[in-house]
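Here the structure is laid out as structure tokens; the discussion comes afterwards.
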Amino acid sequence: MALEVKGVKLAYSTHEVLKGVNFVANPGDFIAVIGPNGVGKSTLFKCILGFLSHYTGEILVDGTNIKTLSRSQIAREIAYIPQSTQQVFDYTALELTLMGLASRLGHFKNPSKADEEECLSALADLGIAHLAHRGCGEISGGEYQLVMLARALVQQAKVLIMDEPTANLDYGNQFKVMQRIESLSKSGFTILTSTHDPNQVFLHANRALVLKDGMVKVDGAPSSVLTEDILSDLYSIDVKKCDVEVANRKLNVCVPVDLEVSANA
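Just so you know, the sequence shown maps onto residues -3 to 261 in our numbering.
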């Protein structure tokens, strides 16, 4: 399912946040949207999800302008996974996953046994079936994000939007969540995620989309477009990029370098 963003502009009062964003996301794309704080990553996602509608330009999903779709229709096409947050209500993992069926069930229909089995299957596919009847307050942040991923999967949407899905997670859980997301893209989902970690982009994504000054600065394979100059300009620090080899696979990594240290080296 293709997602097209065509000339999208949006302003809050007199502050123009998005100044003409253009890109196409196709099935199998894992696009990591990166850029400094306040550049418009979350605003762009809110436009795609239909949370904001006062933009100009077009956002099309399978050729249909999302402004012509209802909220429930958008939810059948595009699923959203927010940042990891503390839960106020201690729903079980299964109950939270069942909420992903809302756009398909309607307002007054209760989930059936078949619906419950579908949700249990989604949890099993992500390796967390054993958490089904545990409260979300009893599981780790990484496990909770995988439950949210299961909830998105049962929506049966083929476009997944994830706003910093590994924020507040430890290093191991960050990797586990990103690895699952990468596997979904390889099975045909269209993935858009935001991150502040270029190394996540190098390791997992097949496209990097860099936002700066309200526009797409570069868009392409991370190893090609995330150069030292681009990263240094993006984050206003000196960034060095190098290669490491792991299990016969060459990987790019980057590290920040203190300007005074690098000058005196």
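Idealized CB from N, CA, C, for every residue including glycine.
As the structure is a prediction and not an experimental result, all values here were calculated from the model.
In this structure the region 21 to 34 does not touch the region 114 to 134; the number of beta carbon pairs closer than 8 Å is below three. Under DSSP, no beta-bridge partner is assigned to S183. Comparing alpha-carbon positions, the option among L230, E91 and Q196 lying closest to P107 turns out to be E91.
Under the DSSP assignment, T162 falls outside any alpha helix (DSSP H); it carries neither an H nor an E label. Between the alpha carbons of S181 and S9 lies a gap of roughly 37 Å.
Around the Cβ of S190, a 10 Å sphere holds 16 or more other Cβ atoms; the residue is buried. Annotation: A(-2) to D58 spans about 5 Å, alpha carbon to alpha carbon. By the Cβ-count criterion, D254 is exposed, with fewer than 16 other Cβ atoms from all chains shown falling within 10 Å of its own Cβ. Following the DSSP letters along the chain, one finds P194 inside the alpha helix (DSSP H) bounded by residues P194 to H200. Beta-bridge analysis with DSSP links L149 to no other residue. The shortest C-alpha to C-alpha distance from L205 to any of F85, A21 and I62 is the one to A21. Secondary-structure assignment with DSSP links H11 through a beta bridge to Y8.
DSSP links T60 through a beta bridge to V57. The beta carbons of L14 and G34 sit no closer together than 8 Å.
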